[in-house]
Amino acid sequence: MNQVEKFFKRNIEEVKPYLKEIIERYGASMLRLIWESEEAIRLMANENPFGPSLLVFETIRNTLTTINRYPEPTCQELKEKISEYTKLEPRNIVVGAGSLELIDRVSRAFISKGDKALISVPTYSPYEKRVKICGGEVVVVEKPDPNLYWDIEEIKEAVSNNVKILFISSPNNPVGNEIREEDLHELLETGKIIVLDEAYYEYSSRTFSHLVNEFENLVVLRTFSKAFGLAGLRIGYALTNEKVSDYLEKAKVDFNIGCLPMKAAVAALEDLEYMEKAVKETLRERGKVLAGLCEIEGLKPYPSKTNFILVKVEGEFFKASEIVDELLADGILVRNYSYKPGLRGEYFRVTIGRKEQNKAFMEKLKEITR
Ligand SMILES: Cc1ncc(COP(=O)(O)O)c(C=O)c1O
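Be aware that the sequence shown starts at 7, since it is given in the numbering used here, and climbs by one per residue.
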């Protein structure tokens, strides 16, 4: 008889794998077909539809001859490049295999069994999952409608009850809004560890990374997956004070960053002009998509500082799930966010794609909601 389950940890057993419902509904083979399809219009994962700079491709080709060797373990060259980009010192920089790996590392570094972490929903769901995997307890504070903005007073009250760490995505995925500077200051002054996820910084152009030397409890997370177009290579970084960065370095898996992502990120930072052009085009397209969404009766799009828009489906005539399914039937992928934690009602989220992709999305959406 199989007895292996008796060794499992309850907190891990209870965690849902990524996209569990979608895999259950369509099967893993179908998911793979859609995921790898060249024709699908991918507006579901907040990726950069323009891809990385040509310099990245050239650098990857030149790095291929070194893949038999272990990668340089300190990521020094990349840290120096990130240092130029962020105006912080290399000792303030921790490189990770995507910001998800850093969310995991921060959780493992600070959360022991029974420790509390606070999230304010709706927000990026992996924070909760990583905390639970570490045996931590998640304290949830809802963002009130209609703006889905952080309830600072509620959060301050909740953290006073032994919370160790707060996860804040700003701009927030899936809403697209940013936390105000004075509100972030109030949270930093609680003295708790504040993990500020700035995955969409390049689209919003606003950062709080300059505060890492003033507040030793601040950890800012960034990624190369969005504006730099390197989601498939898995590379991101944290900006924090020296004490925390030394601590996070101890908690890493050795050789966590492969030579291809490491060199690709260096090349991406050598061609900032390319990234800035892609961001500018996305922002221009976002304005058009937002205006189009505002014209459709029964849809309420949220203003966004990112490369995606959250849309509330308020009309009685159609549901978010129907919209998402009908778009999918035409090969247009968007995310259904109905009744996700902190969202009371029907919602979907659409990533801003290339001009022709956004046009196809808007045309189909108009047809569905007509
Ligand atoms: C807020 C936020 N943080 C982190 C990530 C993941 O970033 P990475 O690809 O660097 O793991 C995402 C991806 O959607 C995100 O929305």
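Backbone N, C-alpha and C define an ideal beta-carbon position, used for all residues, glycine too.
This structure is a prediction, so every number in the text was calculated from the model and none was measured.
Asked: Counterpart residues of F173 in DSSP-defined beta bridges; Found: I125, V201
Asked: When E287, S210, R136, A103 are compared against I117, the one with the closest alpha-carbon; Found: R136
Asked: For P307, the three-state DSSP class (helix, strand or coil); Found: strand
Asked: Own chain residues within Cβ distance below 6 Å of E160, not counting five before or after; Found: V147
Asked: E83 versus Q363 - alpha carbon distance; Found: 37 Å
Asked: CA-to-CA distance, Q9 to L245, given in whole angstroms; Found: 44 Å
Asked: Entirely enclosed beta strand (DSSP E) segments - the stretch 40 to 111, minimum 3 residues; Found: 99 to 102
Asked: beta-carbon D203 near ligand 1 non-hydrogen atom, thresh 6 Å; Found: yes
Asked: Top-ranked residue by Cα proximity to A366, from I47, L227, L296; Found: I47
Asked: Meets three-Cβ-pair contact criterion under 8 Å: the stretch 103 to 119 and the stretch 226 to 239; Found: yes
Asked: Beta carbon of L39 nearer than 7 Å to that of I29; Found: no
Asked: N179 beta carbon near ligand 1 (any heavy atom closer than 6 Å); Found: yes
Asked: Any non-hydrogen atom of ligand 1 within 6 Å of Y130 CB; Found: yes
Asked: Closer than 6 Å: N393 CB and nearest ligand 1 heavy atom; Found: This structure leaves residue 393 out entirely; the chain is present only between 7 and 376.
Asked: Span of the beta strand (DSSP E) around T229; Found: 224 to 229
Asked: Buried or exposed (CB count within 10 angstroms, at least 16 for buried), E282; Found: exposed
Asked: beta-carbon N52 near ligand 1 non-hydrogen atom, thresh 6 Å; Found: yes
Asked: CB contact flag (F314, N52, <7 Å); Found: yes
Asked: Expected contact under 8 Å - CB spacing of S176 and L202 to nearest Å; Found: 6 Å
Asked: Buried/exposed call for K12, threshold 16 Cβ in 10 Å; Found: exposed
Asked: Distance between beta carbons of K370 and D3, contact taken as under 8 Å; Found: Outside the shown range of the chain (7 to 376) lies residue 3, about which nothing can therefore be said.
Asked: Sequence-distant residues of the same chain with beta carbon closer than 7 Å to R97, five excluded per side; Found: E248, S251
Asked: Residue range of the beta strand (DSSP E) that includes G242; Found: 242 to 246
Asked: Beta-carbon separation (whole angstroms), V295 vs I358, contact threshold 8 Å; Found: 6 Å
Asked: Alpha helix (DSSP H) runs wholly inside the stretch 249 to 332, at least 4 long, in chain order; Found: 265 to 276, 278 to 300
Asked: Option in T213, E204, F234 with minimal Cα separation from L275; Found: F234
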